[in-house]
Amino acid sequence: MNKQLKPIPKFATEAEERAYWESHDSTEHLDWSQAKAVTLPNLKPTTKTISLRLPQHMLDSIKVAANARDVPYQSLIKVWLQEKLHQ
Numbered sequence: 002m003n004k005q006l007k008p009i010p011k012f013a014t015e016a017e018e019r020a021y022w023e024s025h026d027s028t029e030h031l032d033w034s035q036a037k038a039v040t041l042p043n044l045k046p047t048t049k050t051i052s053l054r055l056p057q058h059m060l061d062s063i064k065v066a067a068n069a070r071d072v073p074y075q076s077l078i079k080v081w082l083q084e085k086l087h088q
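Residue numbering for the sequence shown is 2 to 88, as defined by the working numbering.
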């Protein structure tokens, strides 16, 4: 199928481009049958620093558990939170 594709227009601003793609189908401009899957191995999720107040005894217990697993306690907290979210 040799469908004639439209050229992608030039946009003055990102807002203009966003508005265009919200109202137009990309298949008018691209042949998605030629698309290839890519792997982005260095892509890291963005992180946000938060302040979390814990009772001292709880933090001490977390640090002991982390030390027993030989991991930083902040990493252990993240693992536990992730596991809980998947339940």
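Cβ coordinates follow ideal geometry from the N, Cα and C atoms, glycine included.
query: Alpha carbon to alpha carbon, what distance is there between Glu29 and Ala67?
result: As a first step, residue 67 must be located in the sequence shown, where it is residue number 66. As a first step, residue 29 must be located in the sequence shown, where it is residue number 28. If you take the alpha carbons of Ala67 and Glu29, they lie about 53 Å apart.
task: Output the distance between the C-alpha atoms of Ala36 and Pro73, rounded to the nearest integer angstrom.
output: Reading the sequence shown from its first residue, position 35 is the one you call residue 36. Reading the sequence shown from its first residue, position 72 is the one you call residue 73. One C-alpha to the other measures close to 41 Å.
- prompt: Just how far apart, CA to CA, sit Glu84 and Ile78?
  reply: Sequence index remark: in the sequence shown, residue 84 carries index 83 (1-based). Sequence index remark: in the sequence shown, residue 78 carries index 77 (1-based). Straight-line Cα distance between these residues: approximately 10 Å.
task: Please check the pair Asp32 and Leu6, which I expect to be a contact at CB under 8 Å, by giving their CB distance rounded to whole angstroms.
output: Taking the first residue of the sequence shown as position 1, residue 32 is located at position 31. Taking the first residue of the sequence shown as position 1, residue 6 is located at position 5. Rounded, the Cβ-Cβ distance is 6 Å, consistent with contact.
message: Tell me the DSSP secondary structure of Ile63 in three-state form.
response: In the sequence shown, counting from the first residue as 1, residue 63 sits at position 62. Correct three-state label for Ile63: helix.
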